[in-house]
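K.L.:
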Amino acid sequence: MTPAPTIIAGLDVGFMIEIFPRMLQALLVTVEISALALVLAIVIGIPVGTLRVIAPRPAQILLQWLVNYIRGTPQIIHFLVIYFVLPRIGIVLNEFWTGVIALTFIAVGYEIEIVRAAIESVNKEQREAALAVGMTERMTLWLILLPQATRRMIPALTNELINVIKASALLSVIAVNELTKVGNAIIYNTFYFVEVLIEVALLYMIVIGLISWLSKYLENKIFAFGSTIAINETR
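The numbering used here puts the first residue of the sequence shown at 20, with every later residue one more than the last.
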């Protein structure tokens with residue numbers, strides 16, 4: 020005999036508990052893809068963002084066009100372009116890695132601007148003093164400006180990780196079994212709209228809340244780097 024549903028405040032809590040393992044597994048996929056994408060975006064974004072500051076003017080203009088394209092077009096377009104274009108040039112990836120690359124591409128556009136803003140926020144007198152004592156532009160950048168700028172990037176990088184996690188919901192259009200995709204599949208099979216949507220929202224909020232707490236802890240307890248630059252959310 021099928022057990023009677025546990026109804027609390029109009030919600031079938033028993034059903035929400037039943038689907039929790041599937042939702043948790045999907046959440047882990049979401050976090051894994053988002054974390055990989057952010058790490059790759061940082062690895063690419065820091066050197067490219069540095070070039071955005073010190074490269075010759077034509078290169079800076081090209082990089083600005085790239086940033087404008089990424090930030091000025093809907094995210095779903097990037098997912099679809101990468102999903103359909105890469106196989107045409109002989110690069111065949113599964114849905115997981117296609118999602119990682121798509122999110123990395125999107126995040127890079129914002130990382131470049133985060134790095135540029137962080138470097139330019141460092142007091143210009145420090146650069147001038149370093150050059151005055153005989154340091155080259157490259158030495159000044161890597162030894163004086165970038166270490167200070169890196170600490171100042173933490174709040175913006177945290178914000179970007181949160182944005183990447185939220186953007187990962189669009190990966191459902193390329194059949195990645197992340198949280199939103201699994202939630203939609205459960206709704207389609209069971210028609211429990213409210214219960215599934217509430218559980219999806221709560222899981223996103225828990226992860227994002229933990230990330231925000233960790234960021235504040237790093238700022239206040241680990242690095243304690245005083246004043247930070249204000250890099251406005253660009254989405």
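Ideal Cβ placement from N, Cα and C applies to all residues, glycine included.
Rounded to whole angstroms, what's the CA-CA distance from L160 to A78? Just pull it up for me.
P.N.:
Numbered from its first residue, the sequence shown carries residue 160 at position 141. Numbered from its first residue, the sequence shown carries residue 78 at position 59. Taking the straight line from one Cα to the other gives about 18 Å.
K.L.:
What distance in whole Å lies between the Cβ atoms of F124 and H97, which are believed to be in contact at a cut-off of 8 Å?
P.N.:
Numbered from its first residue, the sequence shown carries residue 97 at position 78. Numbered from its first residue, the sequence shown carries residue 124 at position 105. Correct: roughly 6 Å between the Cβ atoms.
K.L.:
Can you tell me whether DSSP reads I163 as helix, strand or coil?
P.N.:
Taking the sequence shown and counting its residues from 1, one reaches residue 163 at position 144. I163 falls in the helix class under three-state DSSP.
K.L.:
Going by Cα to Cα distance, which pick from S140, G128 and A56 is closest to G91?
P.N.:
Position 72 of the sequence shown, counted from the start, is the residue given in the question as residue 91. For the residues S140, G128 and A56, the minimum Cα distance to G91 belongs to G128.
K.L.:
Looking only at its chain, what residues have a beta carbon closer than 8 Å to the beta carbon of G200, apart from the 5 residues adjacent to it on each side?
P.N.:
Against the sequence shown, residue 200 aligns to sequence position 181. Reading off the sequence shown, one finds Lys at residue 200, where the question assumed Gly. Hits under 8 Å: A45, L190, S191 and A194.
K.L.:
What's the C-alpha gap between E132 and N208?
P.N.:
Position 113 of the sequence shown, counting from 1, holds the residue named residue 132. Position 189 of the sequence shown, counting from 1, holds the residue named residue 208. Spanning the two alpha carbons is a distance of roughly 43 Å.
K.L.:
In chain order, which alpha helix (DSSP H) runs of at least 4 residues are fully inside the region 60 to 131?
P.N.:
Listed in chain order, the complete alpha helix (DSSP H) runs (minimum 4 residues) inside the region 60 to 131 are 76 to 91 and 94 to 104.
K.L.:
Beta-carbon separation of E179 and L57 under 9 Å?
P.N.:
Counting from one through the sequence shown, the residue named residue 179 turns up at place 160. Counting from one through the sequence shown, the residue named residue 57 turns up at place 38. Yes, the pair counts as a contact, with Cβ atoms nearer than the cut-off.
K.L.:
With a threshold of 16 other CB atoms inside 10 Å of the CB of A148, please say whether the residue is buried or exposed.
P.N.:
Position 129 of the sequence shown, counted from the start, is the residue given in the question as residue 148. Flag for A148 reads exposed.
K.L.:
Relative to the alpha-carbon of E139, which residue among I95, V50, R71 and I184 has its alpha-carbon at the smallest distance?
P.N.:
The sequence position of residue 139 within the sequence shown is 120, counting from 1. The option with the nearest alpha carbon to E139 is R71.
K.L.:
Within 10 angstroms of its Cβ, does N142 collect 16 or more other Cβ (buried), or is it exposed?
P.N.:
Taking the sequence shown and counting its residues from 1, one reaches residue 142 at position 123. The residue is exposed, with fewer than 16 neighbouring Cβ atoms inside 10 Å.
K.L.:
Helix, strand or coil for V195? Go by DSSP, reduced to three states.
P.N.:
To locate residue 195, count along the sequence shown from 1; it is residue 176. In the structure shown, V195 sits in coil (DSSP, three-state: anything other than H, G, I, E or B).
K.L.:
Between which two residues does the alpha helix (DSSP H) harbouring T281 extend?
P.N.:
Because the chain in this structure spans residues 20 to 254, residue 281 falls outside the shown range and cannot be described.
K.L.:
If you draw a straight line from the alpha carbon of I225 to that of L216, how long is it in whole angstroms?
P.N.:
Translated into the one-based positions of the sequence shown, residue 225 becomes position 206. Translated into the one-based positions of the sequence shown, residue 216 becomes position 197. C-alpha separation (whole angstroms): 14 Å.
K.L.:
Which term fits E197, buried or exposed, when burial requires 16 or more other beta carbons within 10 angstroms of its beta carbon?
P.N.:
On the sequence shown, position 178 is the one that residue 197 refers to. Classification of E197: buried, given that the 10 Å Cβ count is 16 or more.
K.L.:
By the three-class DSSP mapping on this structure, what secondary structure does N239 have?
P.N.:
Here residue 239 corresponds to residue number 220 of the sequence shown, with the count starting at 1. N239 falls in the helix class under three-state DSSP.
K.L.:
What does the Cβ neighbour count give for Y223, buried or exposed, with the cut at 16 atoms within 10 Å?
P.N.:
Here residue 223 refers to the residue found at position 204 when the sequence shown is read from its first residue. So Y223 ends up on the buried side.
K.L.:
By the three-class DSSP mapping on this structure, what secondary structure does N142 have?
P.N.:
Taking the sequence shown and counting its residues from 1, the one referred to as residue 142 is at position 123. Coil.
K.L.:
CB A186 to CB L122, shorter than 9 Å?
P.N.:
On the sequence shown, residue 186 is found 167 positions in, with the first residue counted as 1. On the sequence shown, residue 122 is found 103 positions in, with the first residue counted as 1. The answer is yes: Cβ separation under 9 Å.
K.L.:
At the level of alpha carbons, what is the spacing between R171 and G64?
P.N.:
Taking the sequence shown and counting its residues from 1, one reaches residue 171 at position 152. Taking the sequence shown and counting its residues from 1, one reaches residue 64 at position 45. Those two C-alpha atoms are separated by around 15 Å.
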